[in-house]
Each structure stands twice: as C-alpha cells, then as structure tokens.
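A.B. asks: 177 is the number of the first residue of the sequence shown in the numbering used here; add one for each residue after it. All residues carry an ideal CB built from backbone N, CA and C; glycine is no exception. Quantities reported herein were computed from a predicted structural model and do not represent experimental measurements.
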Amino acid sequence: MPVSKTFTYEVPEAFRALTAVGKRVMVPFRVRQVTGYILDLLDTTDQEGVKSILDILDDQPLFPPSMIRFFRWIADYYLYPIGEVVKAALPGGLNMTQVTRLRITEQGRSVLVDSPMKSHDRQLLETLSNRGPMGRSRLSRTLDKEVPYTTLRSLERAGWIMRERKVQPGRVRPKKERYVRAVADIPYAGSLSQARRKVLGVVDDFGEISVRALKAQVPSAGRLVKKMAADGFLDVFERQVYRDPFGEAIEPGSNPPILTEEQNRVVTTVVEGLDRGFQAYLLHGITGSGKTEVYMAAVAAALDKGHEALVLVPEIALISQTERLFRARFGDCIALLHSGLSEGERFDQWMRIVRKEAKVAIGARSAIFSPFAHLGLIIVDEEHDDSYKSASGGLRYHARDLAVVRAKLEGAVALLGSATPSMQSHYNVQENKFQGLHLWKRIEDQVLPEVRVVDLRQTEGSRRTKPFMTQELKDAISETLGRREQVLLFLNRRGFANCPTCSCCGVPVRCKNCDITMTLHREANAFRCHYCGYTRAQTVGCQVCGSSKIKLLGLGTERVEAEVKAMFPQAEVGRIDRDTTVRKGALVKILKALREGTIDILVGTQMVAKGHHYPKITLVGILCADLSLNFPDFRAGERTFQLLAQVAGRAGRGRQQGRVILQTFNPEHFCIVTASHQDYTAFYENEIGYRRDLQYPPYSRLVQIVVTGRDRDQTARYARRLKEICCALQRENKTYEKEIQLLGPVAAPLARLKKRYRWQLLLKGLKVGPLHGLSRALKARAEREMGKGGVNMIVDVDPVDMM
Ligand code: ADP
Ligand code: ZN
Ligand code: ZN
177 MPVSKTFTYE VPEAFRALTA VGKRVMVPFR VRQVTGYILD LLDTTDQEGV KSILDILDDQ
237 PLFPPSMIRF FRWIADYYLY PIGEVVKAAL PGGLNMTQVT RLRITEQGRS VLVDSPMKSH
297 DRQLLETLSN RGPMGRSRLS RTLDKEVPYT TLRSLERAGW IMRERKVQPG RVRPKKERYV
357 RAVADIPYAG SLSQARRKVL GVVDDFGEIS VRALKAQVPS AGRLVKKMAA DGFLDVFERQ
417 VYRDPFGEAI EPGSNPPILT EEQNRVVTTV VEGLDRGFQA YLLHGITGSG KTEVYMAAVA
477 AALDKGHEAL VLVPEIALIS QTERLFRARF GDCIALLHSG LSEGERFDQW MRIVRKEAKV
537 AIGARSAIFS PFAHLGLIIV DEEHDDSYKS ASGGLRYHAR DLAVVRAKLE GAVALLGSAT
597 PSMQSHYNVQ ENKFQGLHLW KRIEDQVLPE VRVVDLRQTE GSRRTKPFMT QELKDAISET
657 LGRREQVLLF LNRRGFANCP TCSCCGVPVR CKNCDITMTL HREANAFRCH YCGYTRAQTV
717 GCQVCGSSKI KLLGLGTERV EAEVKAMFPQ AEVGRIDRDT TVRKGALVKI LKALREGTID
777 ILVGTQMVAK GHHYPKITLV GILCADLSLN FPDFRAGERT FQLLAQVAGR AGRGRQQGRV
837 ILQTFNPEHF CIVTASHQDY TAFYENEIGY RRDLQYPPYS RLVQIVVTGR DRDQTARYAR
897 RLKEICCALQ RENKTYEKEI QLLGPVAAPL ARLKKRYRWQ LLLKGLKVGP LHGLSRALKA
957 RAEREMGKGG VNMIVDVDPV DMM
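1) When DSSP labels each residue in this structure, what does residue 387 get in the three-state scheme?
2) Taking only three categories from DSSP, how would you classify residue 703?
3) What are the boundary residues of the alpha helix (DSSP H) that includes residue 653?
4) Apart from the five residues on each side of it in sequence, which residues of its chain come closer than 6 Å, Cβ to Cβ, to residue 565?
5) Under 6 Å Cβ to Cβ from residue 447, same chain only, skipping five residues before and after it: list those, please.
6) Around the C-beta of residue 220, are 16 or more other C-beta atoms found within 10 angstroms, so that it is buried, or is it exposed?
7) Assign residue 592 to one of three DSSP states: helix, strand, or coil.
8) Between the region 651 to 658 and the region 809 to 820, do three or more beta carbon pairs fall short of 8 Å?
9) Tell me whether residue 250, by its Cβ, gets closer than 7 Å to a heavy atom of ligand 1.
10) Cα-Cα, which of 846, 535 and 296 is closest to residue 323?
11) In whole angstroms, what is the alpha-carbon distance linking residue 529 and residue 546?
12) At what residues does the beta strand (DSSP E) containing residue 510 begin and finish?
13) How should residue 690 be labelled, buried or exposed, when 16 other C-beta atoms within 10 angstroms of its C-beta is the threshold for buried?
14) Is the region 249 to 265 in contact with the region 355 to 363, if contact means three or more CB pairs nearer than 8 Å?
15) Go ahead and pull the three-state DSSP assignment for residue 336.
16) Report the partner residues of residue 597 according to the DSSP bridge assignment.
17) Below 8 Å CB to CB, which residues in the same chain sit around residue 754 once its five sequence neighbours on both sides are set aside?
18) Alpha carbon to alpha carbon, how far is residue 354 from residue 415? Give it in angstroms, no decimals.
19) Do residue 437 and ligand 1 come close, with the Cβ less than 7 Å from some heavy atom?
20) Would you tell me roughly how many angstroms separate the C-alpha atoms of residue 662 and residue 827, rounded to the nearest one?
21) If you draw a straight line from the alpha carbon of residue 807 to that of residue 614, how long is it in whole angstroms?
22) Candidates 865, 882 and 776: which alpha carbon is nearest residue 984's?
23) In terms of residues, what are the limits of the beta strand (DSSP E) holding residue 457?
24) My parser needs the alpha helix (DSSP H) runs of 4 or more residues fully inside the region 699 to 786; what are they?
25) Just checking my contact of residue 673 with residue 624 at CB under 8 Å: how many whole Å lie between their CB atoms?
26) Going by CA-CA distance only, name the one from 521, 583, 513 and 326 that's closest to residue 454.
27) Would the C-beta of residue 692 count as close to ligand 3, meaning under 7 Å from any of its heavy atoms?
28) Throw me the rounded Cβ distance for the residue 919 and residue 937 pair, which I believe falls under 8 Å.
29) Only counting runs of 3 or more residues, tell me where the beta strand (DSSP E) segments fall wholly within the region 267 to 301, in order along the chain.
30) To which residues of the same chain is residue 204 closer than 6 Å at the C-beta, ignoring the five residues directly before and after it?
31) Taking only the alpha-carbon atoms, compute the straight-line gap between residue 480 and residue 382 and give it to the nearest angstrom.
32) Since residue 375 and residue 390 should fall inside the 8 Å C-beta cutoff, what is the C-beta to C-beta distance between them, to a whole number of angstroms?
33) Less than 8 Å between the CB atoms is what I'm expecting for residue 601 and residue 559, so what's the real figure, rounded?
34) Report the option in 408, 692 and 303 whose CA atom is closest to the CA atom of residue 677.
35) Among residues of its own chain, excluding the 5 on either side of residue 536, which ones have a beta-carbon nearer than 8 Å to its beta-carbon?
36) Pull every residue with its beta-carbon under 6 Å away from any heavy atom of ligand 2, and keep them in chain order.
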C-alpha cells in the first residue's frame, strides 16, 4: 500500500558499509515486508521502537542524492506518495532485471553432512543443495511455508548460504563496428602498392573512418586493413554505433555547420547563463529556423564546462529526426531513453547515466527523471507538445514544468523551444519569469509556405453530406502530381466513419462501456470504440431498432484514403495513423516509401505532424481545420493553432516553396486566421485576452478533481459529498473561502469511460498556496471518509510560481 510519509529504520552493523542514499531496501512494514528507498541517512533518531532493515537490494545507488529534493517536491506538489514518485521515476525494467538468489555454500554442504541442526534449517539447505540456487519466494513455495528473513540472515551469518544478485543484461547488444585511424609515425612508405597508398590517403582525409565506409572508396580495403595494421600503418579499433530505425548506422562525428548570426546570438546567451545558476529561457523560433543546431551547440558547451545535459523531445511512434541528429553528434556519451526501448535496454541506459558513462540523455517525458548528479542544462524541444503531460493513471505530471523545477533545484539552465510556444510559457516571458529568445529567419531564407483558406460552407450540400474536398484542393493536387511532387492530406480523425448512425431511428452506434459514438473501421468490418477498444461486428446493425441500414456519417482517414484512390487512380496513396502503424516496422516502411518517392499522396492524422521531415511534399491539404476547435476544454483554441501551424509547416521544407490549402467551416475564427498567417503573436494577443476575461490559466490556476466509479448513483453521490466536504473546509478557513472558487460537480465531458462513470469538480484560484492547501486537505478528508477507491485527483497548475 502506498504511504505518503517517510519512515525511519535502523541499519544493522552488517549493512553499514553498503548503505547509501538511492539504494532500495527490504524493510518490515506493519505485518509485511516491502521495498523502500533510502532517502536520507541519520546518525541518530529520537524515535522509539525503530525497526531494522532486512536487506539492501542494490549494489549501486539507482539515483544520486541530489534528486531527492526533486522527488520530494513532486510528491508535495502533485499530492502523491513519495515512494510512488520514486517508483514512477525509476525505469520499469528494474524489478525484472535485478534478481536475488540464495545459494548454498561449500561450508553449508559440509555441515549438512556432519552437523546437527534445526530441522527446518536442514530442510532449507537440502532444498538449495538439491535444486540449485533460487529466490526466497520460490524457496517458500517449494518448502510450502514462508521463509522468514531472520532465518536467511542467520544462515548467511553462519556462512552456510550466500545471496547472489544478478543484473540481467539488456536483450539487445550494442552494435559495434570496426574503425581505422592513421598512426602517428608511418613506417617508411617508399614501396607501397597503389591500393595501400589510396587507403592511407582516405584515412588521412577523414582522420577516422569505418572500414565499411572505407570499402566504398577502396573495394579491397577489407583485406588490406588487417595487413596494414599488422605492418604498423593503421590503428584498428571498435566503436559502438547506433542503428536508426531505417537500419542504417548513424556515423558519429558529423561536423556541425557554421551557425548563423541569429543562432549564434541565442547560443551565446544560453552559454553565458550556464555559469550563473538557475535561468529559464523560452526560444521562439519559426519552423526551419535551425533550433536543433542551437540545442546541440548549447549541449556541447555545457559538456565543455563539465556539466551534464538533458534533452526532452515529444513522444512519437518512431525515433525523431532530433534524436538521430543528437546521436550522430554526441555518439557514445549519449543515453537514449526512448519509449520504444525494451525494459532491459532502458535499464542499461539508466545505469550508464548513474555510472557517469553518459553525460547527455535524450528522451521523451519520463527522461526528466534521468539520474544525473551534475545537471547544467535541460532542453525541452517543442515545449508546447501535449505528450509532455502524463494524462493517465499513476503519477500525473507535466515534464516541461518539471524541467523548470529541476533546473531551479539544481541551479541549472532550462531552455524551452518551440515554433508555437504554449500560452503558459509565453506568458512567463511577459512576466519576466523566463527570458525570451528568438529565431525569426529560416535557414537559407527558405520562404514560408503560402496558405489559402477555403470556406467549406460555400460548397454544395448539407453539412453532413458535403464533399470533403473542394474543387480548389482537387485542382491543386492534380497540379502537384503533374509536377511529380508529393501531397499530404491531413485529417485528425482515423477510421472510415466516426459517426455511424441508424437510417431508421437516427440513433448513432454507441459503445456499451463508454459515452462515445463508435467508429466504423472498414478494413476490420467492425465498429470500434477509440477509448476502450470495444469492438462490434458491422453486420450486427442498430442496437436500438435492429435495422441493418447504418448511414456512414463522419469522415475518417480510412475513407479519405479510399476516396482519394478513386479520384486519382494513377497516384500511389499511403496512410499514416494509429491503425496503419500498429504492426512493428509498418511506419518505417511508409516513411521509406515516402522518402524514395513511391508514395504520391500521404493521408494522415496528427501522427504526420510531428518529428519527421518530408522534403518532397510541396502541397499540404488540411481537410477540416475545425475538428479540435470545439473540444470542451479551455485549451482547444491553443491546440488548434499549434496543430494547424505544425501541419502547415510540413509543406516545402526542401528547395521548393510549399503551398497549404486549409478547408474550414470557420474561416473568420481567429485561431484559423492566425494559423494561416503563421502569426503567433497575433494568436497570442487574442487568446490571452480571452483567458484574462474568463480568468483561465495562466491568469488563474485550476485543480481538476475527477470522481469515477462503476455505479452511476454512487459516483454522483460521491461527487456531491466531495463538494460538501470542500465547502466545509472553506467555512473552516477564511482564506480558502475568499481565494478559491468551487465549480461543479458536473458530469465530465466524457461522462462514462471504460464502464466507469465520471464526475468532475474544479477548484479555481489566483494563488497557488491556498489552492494547494485546500486540495491537500480535501484529498485527505475525502480519503478518510470515502476510502481511497473512487477519488482520483488531477492537479493542473503552473509550478513556476511555487518556488
Ligand atoms: P527547426 O527545428 O527550427 O524547425 P531545423 O533545426 O530542423 O529547424 O533546421 C532546418 C534545417 O536547417 C535543417 O536541415 C538543419 O540541418 C539546417 N541548418 C540549421 N542550422 C544551420 C546552419 N547554421 N547552417 C546550415 N544549415 C543549417
Ligand atoms: Zn435504429
Ligand atoms: Zn468504449
């Protein structure tokens, strides 16, 4: 059971030398034994009845002591038990990869033969002797009774058994390649063969080169290198290389380009900041302005100054361009914490940081917990991205916010970058909490794509039956294909039809577990719920009247693909969404086809908007720009702007100017207008006014409390009871009463999800302190009264003010 307090234990003499902050321990807790983490070492305590730890589970600490303040901060801020925070931070593979087994010693074997002993000790030793080493739980099962730690300890002290700990290595071995470099003193080279001379020449040009690359220039090099090394002309060595998802090795050591004046100015500011303790920067740089080079230069400078650096990137299905570039530039000293890694690989990468073999880490959200001890720089690329927020289960945190917090705690620099910064971060610049930095120019003065807004209301037909493609977009596609260039069609909705509705009774097909319309997937011949995965055969028909006539309303990417194929039969059409990319390797295949030009038209959801460049795409068609605009969320406008600007930025990244056609039912909406001009400032000015008027963040802070339960009435009752408790707390504390507004309870926008009913309450306040105090009190009292089950609190506040 998670506990929110920390506890003090005594360390027995035998363990003293092994004790260190950051190791896991086995301790007695109430009637059980549980795993804990050493967070602090005290010389004395005035607590009474302190129990002893039973075991130390790690040979090496799993995180440096400097991170404990960070963990405590998170536990406090997100109202989450400290032990669970540490657990959430550590790589998941931990328990899987570290096993402790008990083994009988030689001495144990001999006493077994000729000494008297207690019968249960004998039984235990005989089991270990006959069956070989095993863990305590298996031993307990084999003996059919719980083996106490005290028994094991006394047997160990007697020298009859020993514990061995094994860390299972990651399943995937690092890939190594042979390299050569020139030696300092080349032996007399008078009578060298031409091939040998050529090898020397190439090696001289490159300094170091892989044998594979050398072979491309001198075909016989494979054979020659060995002999030449034996003769003292070359030095052969192995180097770890990294695979990219296309299966090509990324060669380390690519040379950085010369930075532009603008880039230089930004890098200089950040590098100067590295010696001055905490500072947060927001780099606003338009797409194609070369932010990645700025990040790499800043990281290189941090390393030069003896700091470690952490780079956060958005979570995407494949390794992003940014990750590839970093790995190529920094080679061996980088740890990669991508979610595509197996648990074993993740654990390996984690321990490389602990052992200081890696000085730079790059990864998605959870990489914010990387166990660095001397962090000097934290970069958050695409800082506005939603994937930095963990939105389901367990510890809910915002990695961008935590980046600023961690930088502050460690006296480091936080550099947040985006082409479309979050409202929050930009506001922090206005408030002088962050320092603003800019890149206004595109590299090599590439022109921004030209965006045309096309009004869908002008097209023929009712809203439900309008053609999804205007004549204008159709013509543009034809032209583009005629020039043998590529087209991207964007629609942020997958499936064939997302609103299948009965023709007879007019009721949409609904999920039985969620308050949601199901989506028809034609490839699967089934209706699917995108929230819980529930699937129904298409042939079943209407669940209300039994009619088999279902109108396929609501357009999805699967249907767009089918219709575009019919419209342009000579074109090759590909699709990227969650359905086409579930199989491993499928996405790589599509991206490769795109790069090689075998795909002419790509249809995709927001998966196409992030992480990858498509240099040959010159036309982007946004089929319906309004989809995310009507979400019941105060950030809907911000999301829409960011998504549209990002998708539009996919056009014309190569030499040709790109073109974007943006179809919309709301051509005058400021999100659409400003996105079409890529005018961030105008968007911000407008949006911030609306936030101010309605007192939404960043002007206020919100804590959302979600109550979920399987029973409809009980859940509603809980939600109402929570309100009463909250009001009572406010009556008891005048500050809470004055500072905090309670909204709700109301049924959540998704009123039922995965069979659970959902209600929500919002606490709104201008100051963090009282809001936080009330949330904490409310949570404690609610848990005491209603049990921990149904109440799930989601804290959504801005941490920058907290410190
Ligand atoms: P952003 O992330 O800001 O959208 P990128 O980092 O992708 O921009 O840079 C756009 C392109 O410009 C990339 O191909 C990158 O290699 C190139 N680039 C960046 N800086 C320079 C530079 N100083 N000189 C030449 N090319 C550069
Ligand atoms: Zn019906
Ligand atoms: Zn469902």
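C.D. replies: Taking the structure as given:
1) helix
2) strand
3) 647 to 658
4) 574
5) 477
6) exposed
7) strand
8) no
9) no
10) 296
11) 7 Å
12) 510 to 513
13) buried
14) no
15) coil
16) Answer by DSSP bridge pairing: none, since residue 597 is not bridged.
17) 670, 781 and 783
18) 6 Å
19) no
20) 10 Å
21) 31 Å
22) It is not possible to answer for residue 984, since the shown part of the chain is limited to 177 through 979.
23) 455 to 461
24) 733 to 743 and 762 to 772
25) At roughly 35 Å, the Cβ-Cβ gap does not stay under 8 Å, so residue 673 and residue 624 are not in contact.
26) 583
27) yes
28) 7 Å
29) 274 to 280
30) 227
31) 24 Å
32) 7 Å
33) 6 Å
34) 692
35) 475, 479, 484, 485, 486, 487, 502, 506, 509, 510 and 511
36) 678, 680, 681, 683, 718, 720, 721 and 723
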